[in-house]
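Notes follow the structure.
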Amino acid sequence: MIIMPALRLPDISAWRSTLAPRRLLKFASVGLAATILYALCAGLFASAGSRYLSPALASVAAYAIAAIFSYLGHKFFTFMSAGSHQFEAPRFAVLTGFGLAAAYLLPMVLVGQFGLPVAIPILLTCILIPVVNFVVLDRWIFSGRSAAGLDR
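Okay, structure coming up:
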């Protein structure tokens, strides 16, 4: 008698928990608040400090402020992570570095090279960065979650 091994379906339970409506809502609320903070600061820095800050530097300064808010909000609210800051903060810094590069390069290229209004790269930063951040935060930075599992 030949016994066939059982056909294994792909494990999608990890993605189910990632896409849980509650987590998406939490992510969206923290992300929206950080994005609004970024946009307000970037607009303020670019207009009020235009003699002192280029649009690219204004964007980077605003992104740095929003990143601190974002780290704390996602760690303690969105993902309720019990992981240590020593593990998660450096990873978040790497993610933020990529976001900062985008926040710097988009205005530098779009405003500096193509003469577009500063609102265009700010808007692009507000849309592209959150999409990438959700996946990276869930899968790489706050993958430990809380011991209680209250975020499910």
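No gaps in the numbering here: position 49 of the sequence shown is 49 in our numbering, and each next residue is one more. Every residue gets a Cβ at the ideal spot worked out from N, C-alpha and C, and that includes glycine.
### Message
Quick check on DSSP: helix, strand or coil for Ser-47?
### Response
helix
### Query
Rounded to a whole number of angstroms, what is the C-alpha to C-alpha distance between Ser-59 and Pro-21?
31 Å
### Query
Could you check where the alpha helix (DSSP H) with Tyr-63 kicks off and where it finishes?
55-73
### Task
Assuming Ala-102 contacts Ile-65 (C-beta within less than 8 Å), just tell me the rounded distance between them.
Contact flag wrong, Cβ pair sits at about 16 Å.
### Message
Using only the alpha-carbon positions, how far apart do Gln-113 and Val-94 sit?
### Response
27 Å
### Query
Roughly how many angstroms separate the alpha carbons of Ile-127 and Asn-133, rounded to a whole number?
11 Å
### Message
By alpha-carbon positions, which one of Leu-37, Tyr-104, Gly-115 and Val-109 ends up nearest to Ile-68?
### Response
Leu-37
#### Entry: alpha helix (DSSP H) runs contained entirely in the region 71-132, provided each spans 4 or more residues
85-107
### Query
With distances taken from CA atoms, which of Leu-53, Trp-140 and Ala-33 is nearest Pro-90?
Trp-140
#### Entry: Outcome for Pro-55 when other beta-carbon atoms lying within 10 angstroms are tallied against a minimum of 16
buried
### Message
Quick check on Ala-82: buried or exposed, where buried means 16 or more other Cβ atoms within 10 Å of its Cβ?
### Response
exposed
#### Entry: Chain-order list of residues whose beta-carbon lies under 6 Å from that of Val-136 (same chain, five-residue window excluded)
Leu-95
### Task
Give the secondary structure of Phe-134 by DSSP, where H, G and I count as helix, E and B as strand, and everything else as coil.
helix
### Task
Alpha carbon to alpha carbon, how far is Gly-97 from Leu-110? Give it in angstroms, no decimals.
20 Å
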